[in-house]
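A short worksheet on the structure shown next.
Right under this line is the structure:
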């Protein structure tokens with residue numbers, strides 16, 4: 002893969018946000034085939050959160066709810082505040098949950114519960130903060146700042162991967178909602 006010598010942001014990226022979100026989920030899936038211990042634990046959690054962050058941004062950007070620069074400020078923890086990004090999207094959903102949009106009923110309750118915990122649950126707040134501040138990525142967090150959602154790492158990966166796989170469906174749904182609201 003050839004790196005660009007241009008330091009400016011590419012207007013024609015090599016991969017879509019959905020492809021990158023899915024790639025992070027697949028990387029987590031591969032880690033989940035090993036015995037996740039020690040310093041690998043925060044790396045695993047960070048990869049899952051990164052996938053979910055990019056999934057949310059892809060839905061918002063692809064649907065027209067936001068631009069790439071929308072989330073690059075302190076309100077959104079410089080683009081890494083997944084709870085804040087999810088709340089921003091939900092504010093435009095007329096009462097629908099972003100979790101329901103990404104993971105409809107047929108996906109099942111466990112994946113929805115896992116993603117909902119990652120995005121909104123108070124028990125996972127310190128991990129979200131560590132992720133947003135990038136202390137999770139560098140394993141420079143303190144005791145108690147890393148919570149695990151479930152013991153079954155494969156279920157956790159599956160939930161995040163299913164969300165990443167549904168970016169296009171969720172974006173298309175939002176586009177219809179937005180165009181319907183504009184014509185009303």
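Residue numbers (the working numbering): 2 to 185. All C-beta atoms, glycine included, are put in the ideal place defined by N, C-alpha and C.
Cα-Cα separation, residue i to residue j
i, j, result
"residue 180", "residue 68", "17 angstroms"
"residue 31", "residue 159", "12 angstroms"
"residue 100", "residue 64", "16 angstroms"
"residue 104", "residue 114", "10 angstroms"
"residue 102", "residue 86", "14 angstroms"
"residue 98", "residue 126", "19 angstroms"
"residue 95", "residue 175", "11 angstroms"
"residue 12", "residue 55", "17 angstroms"
"residue 150", "residue 70", "30 angstroms"
"residue 130", "residue 36", "26 angstroms"
"residue 50", "residue 116", "10 angstroms"
"residue 93", "residue 45", "31 angstroms"
"residue 167", "residue 66", "17 angstroms"
"residue 178", "residue 169", "14 angstroms"
"residue 118", "residue 15", "32 angstroms"
"residue 73", "residue 34", "34 angstroms"
"residue 76", "residue 83", "11 angstroms"
"residue 20", "residue 173", "16 angstroms"
"residue 122", "residue 53", "15 angstroms"
"residue 109", "residue 152", "18 angstroms"
Test item: CB-CB of residue i and residue j under 8 angstroms
i, j, result
"residue 161", "residue 26", "yes"
"residue 156", "residue 111", "yes"
"residue 165", "residue 47", "no"
"residue 29", "residue 59", "no"
"residue 133", "residue 81", "yes"
"residue 18", "residue 62", "yes"
"residue 148", "residue 128", "yes"
"residue 140", "residue 43", "yes"
heavy atom of the ligand SAM below 7 angstroms from residue i C-beta
i, result
"residue 129", "Summarising the ligand content, the structure contains no ligands, and the ligand SAM is consequently not present."
Within the stretch 60-100, note down every full alpha helix (DSSP H) run reaching 4 residues or more, in order along the chain.
83-91
What ranges does the alpha helix (DSSP H) occupy inside the stretch 29-62, keeping only unbroken runs of at least 4 residues that lie completely in it?
Look at the stretch 29-62 and you find no whole run of alpha helix (DSSP H) that is 4 residues long or longer.
Which full runs of the beta strand (DSSP E) of 3+ residues lie inside the stretch 105-177, going along the chain?
none
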